[in-house]
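Numbering-wise (the numbering used here), the sequence shown opens with residue 235 and increments by one.
We put the CB at the ideal spot given by N, CA and C, even for glycine.
Please read the structure below before turning to the comments.
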Amino acid sequence: MPFARLLVQGCYVLDDSPRYRRVKRFFYDLLENPHAPVRPYFDLGMILLVLASVFFLIYDVKNDLGLFGDVFERVAVGIFLLEYLLRLWLYSDSHRILIDHYERAEFIGAPFRLWPALREAAVKKWDYMITPLAVIDLLAIVPSYRPLRFLRIFLLFRLFKLFRYSRGIDRFGQVLSEKRFEFLILFFFLVFVVFTAASAIYFFEARAEGGDIDSFFDGIYWALVTISTVGYGDITPHTPEGRLVTLVLILCGIAVIAFATSIIVTAFSEKMPEVRRSRIFAELEKRGNHTIICGFGRVGQVVAGQLQRDRERFVVIDPDEGSIALARQKGYLAVEGNAESRELLENLGIAGRARRILCLAGDDVVNMYITLTARHLNPGIEILSRANREETVDKLLKAGANHTIMPFKALALVAGEYAGQPVAFEAIHGMLSGEKGLGMEAIPICRSSPLDGRTVGDIDFGGRRLMLFGVISGREPEDAARHASYDLATRRFLFNPGPDFVLRAGDFLVVFGPQLSIVHFRDQLERRKL
Numbered sequence: 235m236p237f238a239r240l241l242v243q244g245c246y247v248l249d250d251s252p253r254y255r256r257v258k259r260f261f262y263d264l265l266e267n268p269h270a271p272v273r274p275y276f277d278l279g280m281i282l283l284v285l286a287s288v289f290f291l292i293y294d295v296k297n298d299l300g301l302f303g304d305v306f307e308r309v310a311v312g313i314f315l316l317e318y319l320l321r322l323w324l325y326s327d328s329h330r331i332l333i334d335h336y337e338r339a340e341f342i343g344a345p346f347r348l349w350p351a352l353r354e355a356a357v358k359k360w361d362y363m364i365t366p367l368a369v370i371d372l373l374a375i376v377p378s379y380r381p382l383r384f385l386r387i388f389l390l391f392r393l394f395k396l397f398r399y400s401r402g403i404d405r406f407g408q409v410l411s412e413k414r415f416e417f418l419i420l421f422f423f424l425v426f427v428v429f430t431a432a433s434a435i436y437f438f439e440a441r442a443e444g445g446d447i448d449s450f451f452d453g454i455y456w457a458l459v460t461i462s463t464v465g466y467g468d469i470t471p472h473t474p475e476g477r478l479v480t481l482v483l484i485l486c487g488i489a490v491i492a493f494a495t496s497i498i499v500t501a502f503s504e505k506m507p508e509v510r511r512s513r514i515f516a517e518l519e520k521r522g523n524h525t526i527i528c529g530f531g532r533v534g535q536v537v538a539g540q541l542q543r544d545r546e547r548f549v550v551i552d553p554d555e556g557s558i559a560l561a562r563q564k565g566y567l568a569v570e571g572n573a574e575s576r577e578l579l580e581n582l583g584i585a586g587r588a589r590r591i592l593c594l595a596g597d598d599v600v601n602m603y604i605t606l607t608a609r610h611l612n613p614g615i616e617i618l619s620r621a622n623r624e625e626t627v628d629k630l631l632k633a634g635a636n637h638t639i640m641p642f643k644a645l646a647l648v649a650g651e652y653a654g655q656p657v658a659f660e661a662i663h664g665m666l667s668g669e670k671g672l673g674m675e676a677i678p679i680c681r682s683s684p685l686d687g688r689t690v691g692d693i694d695f696g697g698r699r700l701m702l703f704g705v706i707s708g709r710e711p712e713d714a715a716r717h718a719s720y721d722l723a724t725r726r727f728l729f730n731p732g733p734d735f736v737l738r739a740g741d742f743l744v745v746f747g748p749q750l751s752i753v754h755f756r757d758q759l760e761r762r763k764l
């Protein structure tokens with residue numbers, strides 16, 4: 235079959251085409267990928283278009299929009315139709331289905347049959363077309379081509395398209411769908427009560443003198459109005475039996491409303507932690523360059539407080555509900571869960587958006603596992619891990635930690651310094667603890683930084699009310715003998731280098747001074763205004 239062979243060759247051309255893959259990837263990010271940067275702008279534009287089209291539909295009831303209304307409607311319908319066709323295209327790869335059928339036939343030596351492959355591809359597309367949102371898209375488009383004006387009411391289905399573009403509305407629909415069994419039971423109970431009450435009121439009131447019930451439909455109408463507690467008053471019972479039915483129906487209406495309210499409240503209460511998580515994930519996705527704090531114990535609380543004073547973005551993870559409640563009380567972004575979870579770390583941006591991760595749990599085994607997971611997910615991320623025992627330090631470093639801290643050892647060293655020099659220690663501690671708005675920070679010099687290649691003397695630290703405490707560098711200075719240096723794990727700390735010391739990319743300036751001056755200096759450096 236020449237046509238079948240030609241069609242298969244075209245499918246192979248599409249499958250091997252980088253341009254085709256790029257175009258499809260672009261529209262996938264635009265329409266389907268919730269993490270794509272362009273997706274929020276597209277959703278916002280579609281929301282405005284949907285609302286504008288519905289507004290003009292309502293306005294056109296008593297006002298003639300003329301040519302503008304016709305042009306706007308045609309443009310809106312064109313956009314909606316294009317979106318529908320693009321989503322239908324993205325739903326499945328029809329060319330891959332044909333290729334798979336062809337290759338299976340070649341493998342077993344059977345003749346290739348085109349129609350079964352086309353039928354499977356069509357079934358895949360049909361599966362999308364019968365999904366609720368696809369049906370809504372179609373109902374929102376088709377009536378605009380009808381000459382009958384009353385069919386334009388179906389254009390109100392465009393409002394349901396908002397479920398695609400708004401995460402809040404979509405989440406609301408998901409919450410209600412998870413309780414569909416309870417709502418189904420409530421619906422059947424409501425139908426039973428309405429039908430029973432309508433039959434009873436029709437039986438008692440239809441032949442009553444001066445009665446308002448003339449048909450069974452009047453009974454249905456009265457029952458729905460009464461059970462909803464609206465009570466228009468256009469139909470009222472005149473017999474004692476009818477009034478008794480009304481009293482029973484009012485009580486049933488209150489019960490139905492209470493039951494429906496309890497279902498909705500329970501559903502949202504169960505979904506609230508997930509909603510809060512999604513909000514945090516979305517916020518971190520927008521900003522990025524944040525720190526992940528794993529563990530909100532005594533050490534984690536101190537670190538979080540310091541990061542907040544430094545105006546750095548961070549998120550707290552802890553499995554304890556009380557610790558998370560405390561973090562939220564302090565105004566921190568906090569997620570309840572185990573930091574060892576690969577999925578949770580990925581949602582928090584460990585793969586690229588996060589700047590560093592701090593493993594501050596009280597258990598060395600937990601910190602070890604978090605370190606291994608984080609290093610596996612992002613080989614380049616900075617990891618600082620807490621070690622409670624001396625023998626754990628080497629294990630954490632081998633697991634992938636860049637730095638380790640031992641709180642108890644640090645406390646012992648501090649106590650020793652305090653015992654030896656109490657006055658000097660209190661002065662330094664008061665400055666570094668931020669009690670007077672002072673602080674110390676290591677500011678990195680990036681490759682494109684304006685300080686790369688400049689000397690220390692070129693920077694006016696005094697004019698910025700800062701003092702250079704030292705430079706952390708990974709290289710050996712040419713005049714090492716002139717500088718007091720101390721070996722670190724992978725770098726060297728040069729204490730207060732001279733004005734002729736040349737700064738290079740990868741170095742860190744350790745500056746001391748008021749927090750406002752440090753923040754201003756760091757911002758100027760990031761904006762390349764030095």
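Next on the checklist: What does the Cβ neighbour count give for Glu317, buried or exposed, with the cut at 16 atoms within 10 Å?
Outcome noted: The residue in question, Glu317, is buried, as its Cβ has 16 or more Cβ neighbours within 10 Å.
Item to check | Stretch pair the region 525-545 + the region 593-601: three plus CB contacts closer than 8 angstroms | outcome: Yes, the region 525-545 touches the region 593-601.
Checklist entry - According to DSSP, which residues form a beta bridge with Arg590? => result As computed with DSSP, Arg590 is found in a beta bridge with Thr525 and Glu616.
Next on the checklist: As a quick exercise: from Ala633, Ile333 and Val459, pick the residue whose alpha carbon is nearest that of Arg239.
Outcome noted: Closest by alpha carbon: Ile333.
Item to check | At least three beta-carbon pairs within less than 8 angstroms, the region 492-503 to the region 562-581 | outcome: In short, these stretches do not touch, since the Cβ pair count stays below three.
Item to check | Assigned exposure category for Ala715 - 16 Cβ within 10 Å defines buried | outcome: In this prediction, Ala715 scores a pLDDT of 49, lower than 50, which makes its location untrustworthy; the coordinate-derived value is nonetheless stated afterwards. With fewer than 16 other Cβ atoms inside 10 Å of its own Cβ, Ala715 counts as exposed.
Checklist entry - Which value, in whole angstroms, describes the spacing of the CA atoms of Leu743 and Gly697? => result Taking the straight line from one Cα to the other gives about 16 angstroms.
Checklist entry - From the DSSP output, which residues share a beta bridge with Thr689? => result Answer by DSSP bridge pairing, in chain order: Val736.
Checklist entry - From what residue to what residue does the alpha helix (DSSP H) around Gly556 run? => result First-last of the alpha helix (DSSP H) with Gly556: Glu555 to Gln563.
Item to check | Option nearest Glu546 by Cα separation, candidates Glu675, Pro345 and Gln408 | outcome: Considering only Glu675, Pro345 and Gln408, the residue with the shortest C-alpha distance to Glu546 is Glu675.
Next on the checklist: Measuring straight from C-alpha to C-alpha, what distance separates Tyr254 and Arg513?
Outcome noted: Distance between the alpha carbons of Tyr254 and Arg513: 34 angstroms.
Checklist entry - What residues in its chain sit with their C-beta under 7 angstroms from that of Tyr436, if we drop five residues either side in the sequence? => result Ile447, Phe450 and Gly453, listed in sequence order.
Item to check | Contact set for Met640: own chain, Cβ-Cβ below 6 angstroms, skip 5 residues either direction | outcome: Result list for Met640: Ala621, in chain order.
Next on the checklist: Quick check on the DSSP output: the beta strand (DSSP E) that includes Ser462 runs from which residue to which?
Outcome noted: Ser462 -> no beta strand (DSSP E), and no H or E assigned at all.
Next on the checklist: Considering just the uninterrupted stretch of the beta strand (DSSP E) at Ser707, what are its terminal residues?
Outcome noted: That run of the beta strand (DSSP E) goes Met701 to Ser707.
Next on the checklist: Using only the alpha-carbon positions, how far apart do Asp628 and Leu278 sit?
Outcome noted: Cα to Cα, the separation comes out at about 51 angstroms.
Checklist entry - Ordered along the chain, which non-local residues of its own chain (more than five positions away) have a Cβ less than 8 angstroms from that of Ser251? => result Excluding residues up to 5 positions away in sequence, nothing lies with its Cβ nearer than 8 angstroms to the Cβ of Ser251 in the same chain.
Checklist entry - Helix or strand or just coil, what does DSSP make of Ala676? => result Ala676 sits in a strand when the DSSP states are folded into three classes.
Item to check | 9 angstroms Cβ cutoff met for Ile551 and Leu578 | outcome: Contact: yes.
Next on the checklist: Could you tell me the alpha carbon to alpha carbon distance between Leu367 and Val600, rounded to whole angstroms?
Outcome noted: Straight-line spacing of the CA atoms in Leu367 and Val600 works out to 44 angstroms.
Item to check | Euclidean distance between Cα positions of Phe695 and Leu737 | outcome: Roughly 14 angstroms between the two C-alpha positions.
Checklist entry - Relative to the alpha-carbon of Ser433, which residue among Trp456, Phe415 and Leu420 has its alpha-carbon at the smallest distance? => result The option with the nearest alpha carbon to Ser433 is Trp456.
Item to check | Inter-residue spacing [alpha-carbon to alpha-carbon] between Val753 and Asp544 | outcome: Rounded to the nearest angstrom, the two C-alpha atoms are 8 angstroms apart.
Next on the checklist: Distance check for Phe346 and Val425, CA to CA, integer angstroms please.
Outcome noted: Taking C-alpha positions only, Val425 is separated from Phe346 by approximately 55 angstroms.
Checklist entry - To the nearest angstrom, how far is it from the Cα of Val288 to the Cα of Phe306? => result Across the structure, Val288 and Phe306 are spaced so that their CA atoms are roughly 11 angstroms apart.
Item to check | Cα-Cα separation between Gly303 and Asp263, rounded to whole angstroms | outcome: Here the alpha carbon of Gly303 sits roughly 31 angstroms from the alpha carbon of Asp263.
Checklist entry - In three-state terms, what does DSSP make of Asp757? => result The answer is helix: DSSP assigns Asp757 an H, G or I state.
Next on the checklist: Can you give me the C-alpha to C-alpha distance between Phe493 and Arg510, rounded to a whole angstrom?
Outcome noted: Between Phe493 and Arg510, the C-alpha separation is close to 26 angstroms.
Next on the checklist: Am I right that Pro731 and Arg699 are in contact with their C-beta atoms under 8 angstroms? What's the rounded C-beta distance?
Outcome noted: Separation of the CB atoms of Pro731 and Arg699 is rounded to 20 angstroms, and the pair is thereby denied contact status at 8 angstroms.
Checklist entry - Can you round the beta-carbon distance between Ile526 and Val549 to whole angstroms, since I take them to be within the 8 angstroms contact cut? => result About 6 angstroms separates the two Cβ atoms, so the contact holds.
Next on the checklist: If you measure between the beta carbons of Gly586 and Asn612, is that distance less than 9 angstroms?
Outcome noted: Yes, these two residues count as a Cβ contact at 9 angstroms.
Item to check | Own chain partners of Leu324 with C-beta closer than 8 angstroms, once the 5 adjacent residues on each side are dropped | outcome: Same-chain partners within the cutoff: Lys258, Phe261, Tyr262, Leu265 and Glu266.
Next on the checklist: Judging by CA-CA distance, which residue of Ala538, Gly539, Arg623 and Gly522 is the nearest neighbour of Ile584?
Outcome noted: Among Ala538, Gly539, Arg623 and Gly522, the Cα nearest to that of Ile584 belongs to Gly522.
Next on the checklist: Could you compute how far the alpha carbon of Leu685 sits from the alpha carbon of Arg590?
Outcome noted: In this structure, the alpha-carbon of Leu685 lies about 24 angstroms from that of Arg590.
Item to check | Same chain, Cβ closer than 8 angstroms to Leu382, five either side skipped, listed in chain order | outcome: Reliability of the predicted coordinates at Leu382 is poor, the pLDDT of 49 falling under 50, and no value is obtained from them.
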